[in-house]
Amino acid sequence: MKSRRKRYVRFRLHTDGPPVDEKQLASAVRMSLLSIYGEVEVADSRFFLNEYDVKSGLGILQCSAGSLDNLITSAVLLSSIDGTSVSFEPKKTSGTIRAVKKRTT
């Protein structure tokens, strides 16, 4: 079986209110992806929240290469998570986690 190519997205989550934890963020992005593109896209995306720092709001999302644009679109369209106003800002995308972890401002 041919392995699927992965893509990584470095992002910053801006919040206005109480901090959003990892589980809340992953669930919200998954639900947004589900409501916009459906179950098949959620399954094909192989979405995973690789890392997330609650204090800085920086994190890395992992997905399949074909679902990258849909995942970013779904995340950017988030306006609130559990009553906290949020804004998702994609910083960098890459095919390797090493490249995406390089410092971005």
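Numbers 19 to 123, taken from our numbering, label the letters of the sequence shown in order.
Just so it is clear, CB atoms sit at the ideal spot from N, CA and C, and this is done for glycine as well.
Taking three-plus beta-carbon pairs below 8 Å as touching, is the region 55-69 in contact with the region 97-107?
-> No: the two stretches stay apart, fewer than three of their Cβ pairs being nearer than 8 Å.
Can you tell me the Cα-Cα spacing of Cys81 and Lys24, whole angstroms?
-> Position 63 of the sequence shown, counted from the start, is the residue given in the question as residue 81. Position 6 of the sequence shown, counted from the start, is the residue given in the question as residue 24. The alpha-carbon atoms of Cys81 and Lys24 are separated by roughly 6 Å.
Within its chain, find whatever has a CB closer than 8 Å to the CB of Ser50; leave out the 5 residues flanking it on each side and keep chain order.
-> Within the sequence shown, numbered from 1, the residue matching residue 50 stands at position 32. So the list reads Ser92, Ala93, Leu95 and Leu96, once near-sequence residues are dropped.
If I'm right that Val190 touches Arg48 with Cβ under 8 Å, what's the distance once you round it to whole angstroms?
-> Given that the chain is displayed from residue 19 to residue 123, the structure contains no residue 190 and the question cannot be resolved.
Could you have a look at Arg64 and say whether DSSP puts it in helix, strand or coil?
-> Position 46 of the sequence shown, counting from 1, holds the residue named residue 64. Here Arg64 sits in coil by DSSP.
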